[in-house]
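Numbers in the working numbering are just positions in the sequence shown, counted from 1, shifted up by 8. Where a beta carbon is used, it is the ideal one built from N, C-alpha and C, also for glycine. As structure tokens, the structure follows; a few thoughts come after it.
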Amino acid sequence: MYVPVRAKNEVYRSREHLTLEEVTRLIEAAGERGRHRLRDQTLLLLMFRHGLRAGEAVALRWDAIMFDAGAISIKRLKRGEGGVHRLQEDELKALEQVKERYPESLYVFVSERGAKLSTDAISKIVGRAGQVAKLPLPVHPHMLRHSCGYHLAEQGMPTRDIQAYLGHKNIQHTVRYTAANPRRFDRIQW
């Protein structure tokens with residue numbers, strides 16, 4: 009019996025993350041079409057800035073958003089370490105607008121019928137935004153998490169801090185971001 013084997017990711021995409029400029033284009037593209045432009049842009053913004061997995065984004069509830077403190081409590085999947093992240097002004101404003109639009113929902117990101125979004129719906133939102141943005145490679149939701157890790161490494165954040173920010177239990181999952189960063193040795197002085 010023949011069992012088809014999926015090709016490696018490299019066959020489909022040259023890399024598993026987006027540049028900051030590509031993330032910006034992706035988020036902007038999410039706001040160009042559809043009835044849920046605000047929701048979709050806010051979703052992608054939070055997924056990138058906080059390194060959220062699709063499952064973490066769909067599970068995000070309003071009681072995890074601390075508007076007064078300007079923070080978000082993140083519950084990680086895969087036995088990851090949760091934490092509290094600071095929210096930027098643009099995130100708070102977008103979240104307030106989403107809350108006004110869907111005031112009855114327990115969940116931050118909901119469908120037209122008021123149910124929490126599915127991970128499949130997030131995949132479609134990200135894929136569609138990638139096409140509208142005319143990105144040079146097909147995109148999937150987890151690329152936003154990887155993009156967050158690479159962006160933090162490019163900013164010079166220490167590997168242990170990136171590990172904590174992304175909620176990785178094992179630092180081996182974090183090292184990929186700093187190992188690929190050519191600027192990691194910039195602070196060395198001879």
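The three-state secondary structure of R61, taken from DSSP, is coil.
For the pair R47 and V106, the CB atoms are nearer than the 8 Å cut-off. Its Cα nearest to that of L125, the residue A65 stands out among A65, D169 and H159. Contiguous alpha helix (DSSP H) elements confined to the segment 43 to 122 occur at 45 to 57, 62 to 66 and 97 to 109, taking only those with 4 or more residues.
If you draw a 10 Å sphere on the C-beta of L60, you find 16 or more other C-beta atoms in it, and that means buried. For P149, the closest of K142, P166, D128 and N178 by C-alpha to C-alpha distance is D128.
Cβ-Cβ distances below 7 Å link L95 to G78, A79 and I80 in the same chain, with the five nearest sequence neighbours on each side left out; the list follows chain order.
Going by DSSP, I133 is part of the alpha helix (DSSP H) stretching over T127 to V140. E112 places its beta carbon 8 Å or farther from that of L54. Here G88 is not near G157, since their CB atoms are 8 Å or more apart. When only Cα atoms are considered, D71 and K83 end up about 12 Å apart. Beyond the five residues adjoining it in sequence on each side, S131 comes within less than 8 Å, by CB distance, of A62, H148 and P149 in the same chain, given in chain order.
Taking A102 as the centre and dropping the five residues before and after it, the same chain places the C-beta of L46, Q49, T50 and L53 closer than 8 Å to its C-beta, in chain order. Using a 10 angstroms sphere on the CB of A141, the tally of other CB atoms reaches 16 or more, which defines it as buried.
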